[in-house]
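Residue numbers (my numbering), protein chains in the order written: chain A, 2 to 189; chain B, 698 to 1571; chain C, 8 to 339.
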């Protein structure tokens, strides 16, 4: 930027030489204001999604830049929601990028008083151990003289924000394990 | 609706703009009331009296849509002679067994064609069991008689129409006023509006949420509105119907492809020990010979499911591995599970995006259950109270639980959010919408799909080579989903399995186009028959996103609705028996004789919910069952007789027609019957699940007020997705209760001060919001005060905002059909000021119990009709 | 120039903009507002406005309190016409809670006069459902999403000594946080109490000490997008567009409501002949502006500035002349 540009960019010069003698508009606009663009304009991609809160099923557009979600807003194409969102849907970017979100495994040992760190792989193996141990010990081939082939030793309760595909795998796996107490928010 | 489904409410506002009258019936004046033409405050728990009153109004004034009623409902069907109504048994239907507090529903059945009400055949002996709650799943109930007697003049004294009329004869506007606290004139205004807006040219829609389902008679609430809608001809027609506003993104999907103990995918029942011991027994209880409708395909649906799950291991010789399925022996629902946790039977628990320590009724029991586990896996985005109960549950403060004594091992596994995984949600109108993945989940966060896939993979690896018969189930399971470069399963490959495939023949490997392609011989697979077609032609139909603005108002090219992409169920009923639209204004689906080379076919704005080329004039050959047994004017194709049921001859455990019962806890005596509450409600008699005394019992005056629980626009259920979000938390930062100025005055409550609300379970504190939006109602000559309690807050240290949980106040009493808790109503006391803390809280509640004389028997006597004396025993 | 500080005006050209841009603004139709607060959240989310405190106010469902540096959209809830003075009590406790005084809470009833309600001359009506005549009770729950009015004559802008507040090419009024020095002159200048300096922790809170308010999403509208709040609004109670068009739409809506018997419906701030020269963000109300906490007849606080300037200039000239005379006198 040459000296001339610098001076011409000064508000007072703009004010005196332009159409804005009171210096309240064009002359007062800062360079940053002049260059302002919505952050969505520079998103790397826009992904179509669905709001995770209630069951209306509002369309969402998820704006991604540098592999981070930078904005979530209503999808105007949706015949359900026509681009609109309620306060919860409007807050879903903060839900995703929430300052309080926990993204690593936490472990509390029996009788423990604090959380501990645990590698994910190790946690998975420990859970497998416990499922097998409980299942083995609590297996019922018969119950009151009737064949049941099951365990009542462990149970599951899912939220209703699970995907259909996830619910399908849960029901399939638990049934194959003989675990029948598979439940969901849908009964609550 | 404006409160909890604000974006859906835009369509109500559109309708209002076009002249629709909006009536809001709710105990509280809410954001919905603010925009409605009329708000009708109703006493919590009295809706069946209201709905019954509307039915009576329709019948007494002959406002029913007679042509629709005669042709499309079971109004003309004649019942057995031995059916006895509540009106003759003071609140009981025939067949009640006080020992088991349940009904034998045989006498509720239709009269047979030949035998006319002589209960003699072996067939009828097991009729009762066919209608049994959790065994029934969600499928249509079977009928004893495929051929029924009908009187289309509706004059026969035992035809459904006349039975219905007698049943509701006493539900007069005066009685509605007496029971519901709604002035007679206001009630009649609703009746007039609803009936005037129904018929050929107009339709009325009823919308409900858990305000109807969270009751010990919840299923019958919905039945009540179904009767009204059928009488007025509002089913299967545009602008009509009954819309369940469901509260979670895929709660509909969670029942369709269920994670529910009593269901297999597609509302097939989980097998019951003793009843479904063989595959033939199983299929025979869903589909009986001669039964009409599409449930007769149950064998093909089940075989296809078993082929999807067990692949080549499932063969005709081994009944497609049916024997591998575990069997139920009763209620294994979530509340039973929690009691079993406390009692030590259940020692391991997976919580997947669910916060029962705050969000389930009797949350205190939930936390005690969690504290008595050996191991607990919590998968969530935030560190919810159900993961941190061992250090900050309210019971730690009272000394009931001690951190060091709690042996539960807790694994908190961070979950991916909705944008960090692909998959489908089914929204409240059965429409499935696909979400694309936007970004990878951070750090250890994983999708639940990945978690359960990995869990299954590791379990199978560990058991590989096992010869233990119980491991067969797991090792024979198909678990070979396509994975990406990170080894994570492709949700589309799961969707393909759900949709189903041809397994043999020319099209082997291709996706099934629809459930009618399913075969019972093992030549097809499909993980959920009602979702078959979702991946038709290998195209993910749920991912279709043709902009709404480029489509007509039905918008069939956005997402996919089960079954077969039909957006309005039973839409054959939008045309008259001859197949012509009831009116041009309400044309939706109709028969077009010029199509199909002059042979005619069904067409319209939606995918017809009917066999495409079956003409309106079609009459089934004698003895025909299944789809073939449905006449060309039988629109209710899933029903065993093709008719909409004004009266449910089977399928319900607590009566063929809704009758008004008081809630499990009520300070009001049932003005209609001596039978105070639902005589078949599921009660749980335990020291840790005490009930308040109800009207007529000693001590009822100790809990003189009624409370109800609900959500606010600003929060989401137990707060796991809102109390951690500062922008939402700040909008409703604190737990509060809503009371009328009159109650505030009566109890000395001050706006924004604290109040303590107490039941036999516990006491909680809340800020007081004094508001004219809560109205004292005059019920049966006395004033009933209602207290409103949002239930979003919980006690803990991790959320942005926390507070006492309304769900701690609730006791457990369940609807017998579906085991859903009565969380929308209870009785309580309210006092100004904060609750005691520490052990003093326990003493405070104990003092209340003592004063009210509460024991484990209080409120738990199911039968209170005359032969048991006038009051509930305590 | 004569209208620059008062009277009807197209503000953008007056501020030097020559590229013809229709003036942009909001029309907020409170008759279809459901009070969901999507506007509040969508605004915060887009503009990264920090959380504004976790105080429950006890004022119906409003816990935001007022517009301010960290609340650029504010939904008001007015419970009106109940059978008691609950609303009044409620509002007064909220007012004291807002200023941080909760000492009155939990005291006895008489202190809040609930036992002996004071007749405020408010229209009385039955409680919903009370009585037995079947007539719809007159209880109303009014909701209004308030926002910066983007005044035609914006006093905040006129008093801003740094040029931080400026008139955009869309005729809107925007704070440039890279220029604002936090002097706070704009705060008392606003006749609606909209603008405020952000209170927070230095170095932690974004734009701490800086004057903040609605920008009508200057970044978004510059790219042809609509502001975050109106985009989210479920019922389109908040409409964004060309002010001229919005004024027509607003008038049509009022006519419809009048035809439907809603005689109280009225527009607020759409007239270019009011004390502000018309608002860039105007409203359809269902009652008197005071009911919504809006000034009934707002006037730009700098209306008299030219007169004042002229007087000041005269005084200055006189003084200067005197000084000159003194010098001249001294030199002679």
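We put the beta carbon where it would ideally sit given N, CA and C, even for glycine.
Are there 16 or more other CB atoms within 10 angstroms of the CB of residue 1548/B, so buried, or fewer, so exposed? exposed
May I ask you to list the residues that DSSP assigns as paired with residue 1341/B? 770/B
Taking just the CA atoms, how far does residue 923/B sit from residue 710/B? 24 Å
Just checking: is the beta-carbon of residue 95/C within a distance shorter than 7 Å of some beta-carbon in chain B? Bear in mind that a pLDDT of 49 at residue 95/C, under 50, signals an unreliable position, so the number given afterwards is only what the model happens to contain. No, its Cβ sits nowhere closer than 7 Å to a Cβ of chain B.
Helix, strand or coil for residue 918/B? Go by DSSP, reduced to three states. helix
Looking only at its chain, what residues have a beta carbon closer than 7 Å to the beta carbon of residue 1269/B, apart from the 5 residues adjacent to it on each side? 933, 1286, 1305, 1306, 1307, 1332
Pull the bridge partners of residue 1076/B from the DSSP assignment, please. 1049/B, 1110/B
Nearest neighbour of residue 234/C, chosen from 56/C, 67/C, 331/C, 31/C [CA to CA]: 31/C
Measure the CB-CB distance between residue 217/C and residue 191/C and report whether it falls below 7 Å. no
Got a sec? Which residues, its chain only, sit under 8 Å from residue 128/C by beta carbon, not counting five neighbours each side? Because residue 128/C sits at a pLDDT of 36, beneath the cut-off of 50, its placement in the model cannot be relied upon, and the point is left open.
With a 10 Å radius around its C-beta and 16 neighbouring C-beta atoms as the bar for buried, classify residue 42/C as buried or exposed. buried
Compare the C-beta of residue 158/C against all C-beta atoms of chain B and say whether one is closer than 7 Å. no
Taking the continuous beta strand (DSSP E) assigned at residue 185/A, which residues delimit it? 183-185
CB of residue 1241/B within 7 Å of CB of residue 1251/B, strictly: no
Compare the C-beta of residue 122/A against all C-beta atoms of chain B and say whether one is closer than 7 Å. no
Identify which residue in 1055/B, 917/B, 1356/B, 897/B has its Cα closest to the Cα of residue 1500/B. 1055/B
First and last residue of the uninterrupted beta strand (DSSP E) at residue 50/A: 46-51
Strictly below 8 Å CB to CB, what residues from chain B border residue 44/C? 1410, 1411, 1428
Helix, strand or coil: how does DSSP classify residue 148/C here? strand
Can you give me the Cβ contacts of residue 236/C inside the same chain, cut-off strictly under 6 Å, excluding the 5 residues immediately before and after it? 46, 49, 50, 80, 245
Pull the bridge partners of residue 1574/B from the DSSP assignment, please. Shown here, chain B extends from 698 to 1571; a query on residue 1574/B therefore has no answer.
Along chain A, in chain order, which residues have C-beta atoms closer than 7 Å to that of residue 173/C? 25, 26, 29, 30
Extent of the continuous alpha helix (DSSP H) run through residue 884/B: 881-893
Please report the distance separating the alpha-carbon of residue 816/B from that of residue 793/B. Reliability fails at residue 816/B, whose pLDDT of 38 lies under 50, so the model's placement of it is uncertain and the value that follows must be treated cautiously. Their backbone Cα atoms lie some 17 Å apart in a straight line.
Just tell me which of 798/B, 723/B, 1209/B, 864/B has its CA closest to the CA of residue 782/B. 864/B
Smallest Cα separation from residue 1266/B: which of 1031/B, 937/B, 806/B, 729/B? 937/B
DSSP bridge partner residues for residue 153/C (one or two, in chain order): 81/C
Give every residue of the same chain whose Cβ lies closer than 6 Å to the Cβ of residue 1091/B, excluding the five residues on either side of it in the sequence, and list them in chain order. 1492
Return the chain-ordered list of same chain residues with a C-beta closer than 6 Å to the C-beta of residue 221/C, the five sequence neighbours on each side being excluded. 79, 154, 155
Kindly list, in the order they appear in chain C, the residues whose Cβ is closer than 8 Å to that of residue 75/A. 238, 239
Near residue 1228/B, which residues of its chain fall below 6 Å by C-beta distance, leaving aside the five closest residues on each side in sequence? 1195, 1259
Residue 70/C touches chain B at which residues, Cβ-Cβ below 8 Å? 1427, 1428, 1429, 1430
Residue from 193/C, 328/C, 60/C with nearest C-alpha to residue 171/C: 193/C
Can you round the beta-carbon distance between residue 102/A and residue 1078/B to whole angstroms, since I take them to be within the 8 Å contact cut? 6 Å
Which chain B residues are close to residue 49/A, counting only those with a beta carbon under 7 Å from its beta carbon? 1133, 1242
Can you find a CB in chain E that lies within less than 7 Å of the CB of residue 230/C? Among the chains of the structure shown, chain E does not appear; the protein chains present are A, B and C.
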